[in-house]
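Student:
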Amino acid sequence: MTKNVICWIELEDGSPSAASLELLGEASEVARAWDGKLTALVLSDTADNQAAWLAKLGQYGTQSVLVALHPLLATYESDAYQEALTQVLAQQDWTAFFAPATANVADFVARLAARLEVAVVSDCVRLAATTDGGLNLTRPIYSDRLHSHYHFEPAATAKIIATFRPGARGVDLRPQSQAADLQIVNVTIEPSQVRTRSLAIVPPAPDTVDLVEAERIVAVGLGLPHPLGVKLAYELAADLGAAVGGTRPIVDKGWLPFERQIGTTGRSVAPRLYIAIGISGASQHTGGIRGARTIIAINPDRSAPLMALADLAIVGDAAEIVPLLLKLLAARHPKVVDDSFVETRQALPIGAGSTNR
Amino acid sequence: MENVNRFDVIVVGAGPAGSAAALVAARAGLKVILLERGEFPGSKNCSGAAMYGTAVLNELVPDFWLTAPVERYVTRRVLSFMSQDSALSVDFKTTKFAEPPYNAFTVLRPKFDRWLASEAQQAGAVLLNESVVDSLIRNEAGSVIGVRVRREQGDIYAPVVIAADGVNSFLAKQAGLQREFKSDEMSVGVKEVLELDRERLEERFGLTGSEGLVNEFIGTITGKVHGGGFLYTNQDTLSIGVIAQISSLVDQKARAYDLLDIFKQHPSVAPLLRGTVRREYSAHMIPEAGHNFLPKLYTDGLMVAGDAAGLCFATGLYLEGINYAIASGAAAARTAIAAHKVQDFGAANLKQYQTALEQSFVLKDFKRFRHTPEFVNSARLQNFYPQLLCDGASEIFTSKGQPKRKLLEVAWQQLRRQKVSPLQLARDLWDGGRAFGW
Amino acid sequence: MLTIAVCLKQVPDPLAVEIDPLTGAINQARLVYITNPPDAGALELALRWRETTPDAWVRVVTYGPERADQILREALAVGADSVTRISHSPKRTAEALASVLRPLNPDIVLCGSRSADMATGLVPGLLAEYLGLAQATGVTQANFQSDANQIKVERKLERGRRQRLLINLPALLAVEAGIAKLRYASFPGHLAAQQATIPVVEATFSNKPETALRRVGISAPRPRPRQIFIPDPNLSAAARIEAILSGGAAIKQKKAGPVEGSAQEQAARIADFLEQNGFLE
Ligand SMILES: Cc1cc2nc3c(=O)[nH]c(=O)nc-3n(C[C@H](O)[C@H](O)[C@H](O)COP(=O)(O)OP(=O)(O)OC[C@H]3O[C@@H](n4cnc5c(N)ncnc54)[C@H](O)[C@@H]3O)c2cc1C
Ligand SMILES: Cc1cc2nc3c(=O)[nH]c(=O)nc-3n(C[C@H](O)[C@H](O)[C@H](O)COP(=O)(O)OP(=O)(O)OC[C@H]3O[C@@H](n4cnc5c(N)ncnc54)[C@H](O)[C@@H]3O)c2cc1C
Ligand SMILES: Nc1ncnc2c1ncn2[C@@H]1O[C@H](COP(=O)(O)O)[C@@H](O)[C@H]1O
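Going down the list, the protein sequences come from chains E, P and W.
One rule links them: number in this note's numbering = place in the first sequence (from 1) + 30.
One rule links them: number in this note's numbering = place in the second sequence (from 1) + 25.
One rule links them: number in this note's numbering = place in the third sequence (from 1) + 573.
#1: What's the call for Met211 (chain P), buried or exposed, on a 16-neighbour Cβ count within 10 Å?
#2: Decide if Asp116 (chain P) is buried, meaning its Cβ has at least 16 other Cβ atoms within 10 Å, or exposed.
#3: List, in chain order, every chain W residue whose beta-carbon is nearer than 8 Å to that of Asp153 (chain E).
#4: Would the region 121 to 131 of chain P and the region 139 to 149 of chain P be scored as touching if the rule is three or more Cβ pairs under 8 Å?
#5: Go ahead and label Pro796 (chain W) buried or exposed: buried means 16 or more other beta carbons lie within 10 angstroms of its beta carbon, across all protein chains shown.
#6: Which residue comes first and which comes last in the beta strand (DSSP E) that contains Tyr636 (chain W)?
#7: Determine the closest residue to Glu236 (chain P) out of P:Arg223, P:Gly244, P:Ile243, with distance taken between C-alpha atoms.
#8: Check each residue's C-beta against every heavy atom of ligand 3 and list, in chain order, those closer than 7 Å.
#9: Confirm the yes/no value for this check: CB of Thr294 (chain E), any heavy atom of ligand 1, distance under 6 Å.
#10: Is Pro41 (chain P) near ligand 2, judged by its Cβ being under 6 Å from some heavy atom?
#11: Output, in sequence order along the chain, the residues in the region 225 to 249 of chain E whose CB is closer than 8 Å to any CB in chain W.
#12: Would you mind working out which of E:Pro257, E:Ile39, E:Arg302 sits nearest Val242 (chain E), comparing C-alpha positions?
#13: By the three-class DSSP mapping on this structure, what secondary structure does Phe32 (chain P) have?
#14: Buried or exposed: which applies to Met574 (chain W), given that a residue is buried once 16 or more other Cβ atoms fall within 10 Å of its Cβ?
#15: Report yes or no: do three or more beta-carbon pairs, one from the region 200 to 207 of chain P and one from the region 317 to 336 of chain P, lie closer than 8 Å?
#16: So, does the CB of Asn741 (chain W) fall closer than 7 Å to a CB anywhere in chain E?
#17: Quick one, which residues of the region 27 to 43 of chain P are near chain W if we go by CB-CB under 7 Å, in chain order?
#18: Where does the unbroken beta strand (DSSP E) through Asp159 (chain P) begin, and where does it stop?
#19: Check whether the region 154 to 168 of chain P touches the region 80 to 92 of chain P, taking contact to mean three or more Cβ pairs, one atom from each stretch, closer than 8 Å.
#20: Using 8 Å for Cβ pairs, my map puts Pro196 (chain E) next to Ala49 (chain E). What's the rounded Cβ distance?
#21: For Phe391 (chain P), which of P:Gln438, P:Gly331, P:Ala197, P:Ala363 has the nearest alpha-carbon?
#22: Provide the residue span of the beta strand (DSSP E) that contains Thr226 (chain E), from first to last.
#23: Quick one: does Tyr264 (chain E) have its CB under 7 Å from some CB of chain W?
#24: Mind checking who Asp211 (chain E) pairs with in its DSSP beta bridge?
#25: Can you tell me whether Gln314 (chain E) sits near ligand 4, meaning its C-beta is under 6 Å from at least one heavy atom of the ligand?
#26: So for Glu639 (chain W), helix, strand or coil by DSSP?
#27: Out of curiosity, what's the CA-to-CA distance linking Met310 (chain P) and Asp209 (chain P)?
#28: Report the rounded CA-to-CA distance for Ser178 (chain E) versus Ala338 (chain E), giving the unit in angstroms.
#29: What does a CB cutoff of less than 8 Å around Arg175 (chain P) pick up in its chain, not counting 5 residues either side in sequence?
#30: Give the DSSP-derived three-state secondary structure of Leu575 (chain W) in the structure shown.
#31: Report the neighbours of Leu153 (chain P) on chain W: residues whose CB is nearer than 8 Å to its CB, in chain order.
#32: Is Val218 (chain P) close to ligand 2? I mean its beta-carbon at under 6 Å from any heavy atom of the ligand.
#33: Buried or exposed: where does Gly54 (chain P) fall if 16 or more other Cβ atoms within 10 Å of its Cβ makes it buried?
#34: Between Gln178 (chain P) and chain W, is the shortest Cβ-Cβ distance under 7 Å, so that the two count as touching?
#35: Enumerate, from N- to C-terminal direction, the unbroken beta strand (DSSP E) stretches of 3 or more residues contained entirely within the region 245 to 328 of chain E.
#36: What are the start and end residues of the alpha helix (DSSP H) that includes His763 (chain W)?
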């Protein structure tokens with residue numbers, strides 16, 4: 031008996047996210063073992079990008095792409111997504127529904143499972159099909175220090191929902207290409223059903239981004255006096271949408287909290303951009319930035335170890351250079367200031383299906 | 026909220042003495058609060074111990090071994106005399122000790138203390154952790170009527186307070202019941218808990234099931250420092266430690282911590298510890314001076330119990346405090362109950378507490394063993410006799426291709442060699458006999 | 574009247590959890606139990622909202638064994654108006670909580686985003702569904718004005734982004750640990766809480782059929798083999814190794830070596846570099 035798998039595809043700036051593609055790798059193996067079909071499910075307010083989705087998702091083993099269209103699906107709204115997913119899944123023939131364990135999926139998945147009366151396992155790091163149509167699921171517990179194992183019985187009508195942790199497998203590098211068909215389904219969502227109203231997606235701020243997931247980091251070391259160094263790091267980070275980190279002495283002195291320490295006794299980071307100001311580059315520090323893709327270092331000492339690692343090694347005084355850089359950046363790209371988290375007192379009408387992005 | 030800070034009895038310290046007191050008082054229907062400075066009862070306690078005199082606890086919690094977190098019952102007791110490189114041990118093993126109510130148990134204090142406190146809670150006592158008592162509150166007449174906890178609005182009132190705050194009791198001193206200790210009256214205990222899987226542990230110490238071993242050591246383990254060592258088996262851990270007199274530590278410029286390391290490396294100890302992993306380390310003071318040292322046990326509105334009253338018997342050979350603590354805590358609580366009946370909390374009425382202890386094994390033991398500390402701490406017992414015994418044993422057991430001599434003959438020769446007169450020996454034997462109740 | 578319900582779970586303090594690296598066995602004897610950290614933040618939020626709202630009530634529930642009374646006492650000590658323990662049969666948590674919360678008719682239900690031990694993060698969503706509430710999860714900030722029928726919320730998205738939204742009451746929020754630090758109890762509060770009697774109630778469950786999911790067991794984590802990048806064989810050995818280590822993402826150009834210049838030149842050099850490499854989109 032064949033059993034089908036549906037994967038939810040999260041869109042980032044209109045195209046499938048890396049976490050979704052990664053999940054397709056895991057899901058296609060399950061579908062193959064079950065001799066079933068792998069369908070990708072996309073929720074969107076527009077099908078403008080459908081050709082791109084098809085091409086991309088086909089590359090990752092998807093046989094069919096299902097697009098649920100509704101204007102209320104432009105931005106993630108818990109109730110709207112919930113409703114759309116419930117409707118689509120109720121119509122389809124499937125045994126397993128998988129989704130990447132992202133913030134939005136974590137928001138809808140339990141509720142969806144309750145509505146469909148289906149078992150759910152969250153944050154799995156492994157989904158391994160058994161040939162009799164069962165599924166073995168593994169999820170970390172106790173802060174990833176243990177693995178808990180589940181078995182889904184291959185009963186005829188049983189269904190399962192699972193979310194899969196991004197990064198647990200890695201995006202398949204040479205996936206099985208596949209010709210995929212596209213099917214648009216319409217869903218009905220009443221604006222009155224939507225009890226939340228998205229106001230904005232706020233870009234990362236220097237101290238909200240977890241260093242481990244930061245794509246950009248500005249790190250500060252002892253080379254600059256306090257509080258100038260930390261202040262400059264924050265300003266530059268705010269301009270670039272980066273997180274702030276520091277060396278151990280900076281944290282030891284209490285100038286940054288511990289979760290901002292980078293290095294062998296702190297966090298290991300893997301940003302796309304890493305800017306170091308006033309950091310010598312001791313091995314205990316660089317041990318934590320091995321994953322950094324592009325490194326810029328500013329240091330008057332051209333022989334500091336970090337200068338040798340840097341893609342751009344700027345010899346000079348960061349106290350002078352960074353303020354000039356901030357001016358240049360401001361001139362080239364005037365920043366849109368978002369009026370922080372202040373209270374809106376007037377009761378805003380909700381349910382009108384706002385689509386601000 | 027009106028009366029939340031008024032109780033019938035305040036007990037300070039949730040060690041064995043305090044928890045036993047709270048348990049007894051709460052069972053009698055009194056409103057009891059048990060104040061503990063640690064995160065939980067036992068959190069500050071040296072970890073492993075052997076609990077002797079199980080009858081006391083059995084009286085409070087019948088068949089306690091069925092529910093209490095005891096590790097093993099002791100069926101094997103070893104006393105080892107140590108010299109630099111040898112040890113002579115007296116090994117006593119009996120199955121008689123393997124039957125209820127058992128003779129002694131090994132326990133891990135954090136678990137055990139927590140359990141006993143929870144028994145008190147179940148009886149209705151209110152346990153307040155992380156509450157350090159800073160001082161006593163007295164009325165104009167000078168009677169103790171409450172305590173002050175180190176928190177804002179931290180005053181708590183009760184007509185009677187039981188101070189069970191352990192050795193060096195701050196409350197007993199504040200009440201003028203106890204003087205400052207001299208350093209030769211105090212010992213420091215350093216202890217570790219070592220992990221060893223159950224199977225290997227049982228095989229190594231010749232134990233089966235829940236049988237346990239207590240081994241006490243005396244002699245050169247502690248070098249010239251007066252004191253002794255011990256090793257207890259728990260379920261899957263060993264408790265090992267040394268106890269050393271503070272004054273002699275100072276004299277010898279030694280650190281207790283180093284003594285434990287030296288002890289662990291002794292050729293007759295090291296093999297017992299092979300393959301173990303250290304799990305906990307702790308150090309603690311022990312009053313050592315026996316009955317000569319007992320403070321007055323009560324004053325108006327206050328009684329002291331357990332180590333706070335100096336009711337600990339620790340000489341390097343014997344290490345007993347838990348049973349005295351439980352017995353004295355229970356006795357203090359009974360006195361508090363009686364005092365509530367007549368609503369008289371004055372010293373004259375609380376004297377019943379002292380009388381009760383005098384009639385029980387607690388103070389009887391202390392009188393009997395009054396001289397032990399002096400004897401045990403004498404240089405001859407600490408260093409000379411163990412050396413003598415080991416040398417003698419070595420002489421006897423060493424194969425020299427000559428006819429073996431009789432034990433006594435060897436001993437006399439050793440004594441002569443070490444210039445100990447027969448008179449001195451006789452006196453020591455007499456002291457020893459008196460000290461240990463032979 | 575405003576009813577704020579807070580769901581507290583008692584969990585082992587992660588710092589005190591000892592795990593045998595080979596067998597994965599947890600040393601039960603040494604566990605120390607605490608309030609799940611984000612739940613403590615939820616409680617603080619509730620207390621703050623109560624302070625600014627007339628006729629508001631904070632009602633705390635937990636579904637747990639007798640030892641969980643302790644976290645309820647702590648909640649009483651900091652000022653919860655009532656606490657309830659639902660006696661435990663360790664299954665179907667959300668249903669148990671819903672059966673007790675439903676009659677309270679809460680305007681706001683606050684949960685933690687996930688529990689420190691099992692970390693499923695499923696309970697809040699299930700509970701919201703059973704109670705028919707609007708929901709927001711991963712909440713890092715929340716602003717509630719007593720005269721509003723909405724809460725303004727920020728929720729955590731990936732890579733440090735946040736979604737800002739308004740949510741209608743009645744609503745359930747699942748909050749992140751950092752949202753608020755729970756206040757300390759006053760000593761009299763603490764004393765009173767230790768003397769309080771904790772009400773214990775039974776949950777009612779629907780007779781839903783068992784699902785086809787079975788928990789098999791727990792083990793030490795076994796890392797799965799990761800796919801590695803296969804580099805271009807035409808590259809030098811060093812470049813190939815670098816390519817593998819960086820997952821093939823960066824096949825770096827030759828580094829230029831330290832560059833000197835005036836501060837103005839250096840600043841411009843950095844700005845240009847950022848621009849050329851797409852960091853100033
Ligand atoms: C067991 C152990 C673990 C450790 N773990 C970590 C760890 O996890 N993370 C970590 O970071 N460290 C760690 N360290 C410390 C590490 O060895 C270094 O001491 C530390 O990283 C140095 O920090 P720094 O670069 O900020 O300071 P320094 O080494 O003092 O470097 C300051 C740099 O700033 C430069 N400078 C001076 N003036 C200016 C200016 N005006 N503008 C720009 N630059 C200027 C100097 O030329 C110098 O290169 C660990 C050490 C030990 C022993
Ligand atoms: C190394 C070592 C090994 C030992 N081995 C044994 C053994 O094998 N067998 C045995 O029977 N005995 C042994 N003892 C002795 C035994 O530990 C004590 O006699 C016993 O613990 C006394 O109990 P207690 O309740 O009087 O005091 P404790 O157990 O010391 O309890 C006192 C309690 O009061 C609390 N407290 C103190 N001050 C305050 C305050 N101001 N406010 C609030 N709370 C306070 C403390 O945190 C503690 O929990 C050993 C002692 C040591 C040091
Ligand atoms: N047994 C429980 N009792 C009360 N609340 C709970 C319980 N289990 C989970 N919760 C709530 O649900 C949140 C998420 O937990 P979980 O879904 O188990 O990760 C917790 O932070 C609590 O607020």
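Ideal Cβ positions, reconstructed from N, Cα and C, are used throughout, including at glycine.
What you are looking at is a predicted structure, and each value in this text was computed from that prediction instead of being measured.
Tutor: On the basis of the supplied data:
#1: Looking at its Cβ environment, which holds 16 or more other Cβ atoms inside 10 Å, Met211 (chain P) is buried.
#2: With fewer than 16 other beta carbons inside 10 angstroms of its own, Asp116 (chain P) counts as exposed.
#3: Within chain W, the C-beta atoms nearer than 8 Å to that of Asp153 (chain E) come from Ala692, Thr693, Gly694, in chain order.
#4: Counting Cβ pairs under 8 Å, fewer than three are found: no touch.
#5: Exposed.
#6: Counting along the chain, the unbroken beta strand (DSSP E) around Tyr636 (chain W) starts and ends at 629 to 636.
#7: For Glu236 (chain P), the closest of P:Arg223, P:Gly244, P:Ile243 by C-alpha to C-alpha distance is P:Arg223.
#8: Per the Cβ criterion, the list is W:Cys580, W:Leu581, W:Lys582, W:Asn609, W:Pro611, W:Asp612, W:Ala615, W:Val634, W:Thr635, W:Tyr636, W:Gly637, W:Thr666, W:Leu670, W:Cys684, W:Gly685, W:Ser686, W:Arg687, W:Ser688, W:Met691, W:Ala692, W:Thr693, W:Gly694, W:Leu695, W:Val696, W:Pro697, W:Ala747.
#9: Yes, the beta carbon of Thr294 (chain E) sits closer than 6 Å to at least one heavy atom of ligand 1.
#10: Within the cutoff, so yes.
#11: Only Arg225, Thr226, Arg227, Ser228, Leu229, Ala230, Ile231, Val232, Pro233, Pro234, Ala235, Thr238, Val239, Asp240, Glu243, Ala244, Glu245, Arg246 from the region 225 to 249 of chain E bring a Cβ to less than 8 Å from some Cβ of chain W.
#12: From the listed residues E:Pro257, E:Ile39, E:Arg302, the smallest Cα separation to Val242 (chain E) is found for E:Arg302.
#13: Phe32 (chain P): coil per DSSP, three-state reduction.
#14: By the neighbour-count rule (16 or more Cβ atoms within 10 Å), Met574 (chain W) is not buried but exposed.
#15: Between the region 200 to 207 of chain P and the region 317 to 336 of chain P there are three or more inter-stretch CB-CB distances shorter than 8 Å, so the stretches are counted as touching.
#16: Cβ-Cβ to chain E under 7 Å: yes for Asn741 (chain W).
#17: Residues of the region 27 to 43 of chain P that bring their beta carbon within less than 7 Å of a beta carbon in chain W comprise Val29, Asn30, in sequence order.
#18: Note, Asp159 (chain P): beta strand (DSSP E), 158 to 163.
#19: Remark: fewer than three beta-carbon pairs, one from each stretch, lie closer than 8 Å, so the region 154 to 168 of chain P and the region 80 to 92 of chain P are not flagged as touching.
#20: Yes, Pro196 (chain E) and Ala49 (chain E) are in contact; Cβ-Cβ is about 4 Å, under 8 Å.
#21: For Phe391 (chain P), the nearest C-alpha among the options comes from P:Gly331.
#22: 226 to 232 is the span of the beta strand (DSSP E), which, as asked, contains Thr226 (chain E).
#23: Tyr264 (chain E) does not count as touching chain W.
#24: Listed as beta-bridge partners of Asp211 (chain E) by DSSP are E:Ser94.
#25: Here the bound small molecules are ligand 1, ligand 2 and ligand 3; ligand 4 is not part of this structure.
#26: It is helical.
#27: For Met310 (chain P) and Asp209 (chain P), the distance between alpha carbons rounds to 12 Å.
#28: In this structure, the CA atom of Ser178 (chain E) is about 44 Å from the CA atom of Ala338 (chain E).
#29: Within the same chain, Cβ atoms closer than 8 Å to the Cβ of Arg175 (chain P) are found at Ser156, Val157, Val158, Asp159, the five residues on either side in sequence being excluded.
#30: Correct three-state label for Leu575 (chain W): strand.
#31: Residues of chain W with a Cβ closer than 8 Å to the Cβ of Leu153 (chain P) are, in chain order, His763, Leu764, Gln767.
#32: It does not: the Cβ of Val218 (chain P) is nowhere closer than 6 Å to a heavy atom of ligand 2.
#33: Counting the other CB atoms within 10 Å of its CB gives Gly54 (chain P) a total below 16, which places it among the exposed residues.
#34: Taking 7 Å as the CB threshold, Gln178 (chain P) lines the interface with chain W.
#35: Within the region 245 to 328 of chain E, the complete beta strand (DSSP E) segments at least 3 residues long are 246 to 250, 273 to 276, 303 to 307, listed from N- to C-terminus.
#36: Membership of His763 (chain W) in the alpha helix (DSSP H) is indicated by the continuous run 760 to 768.
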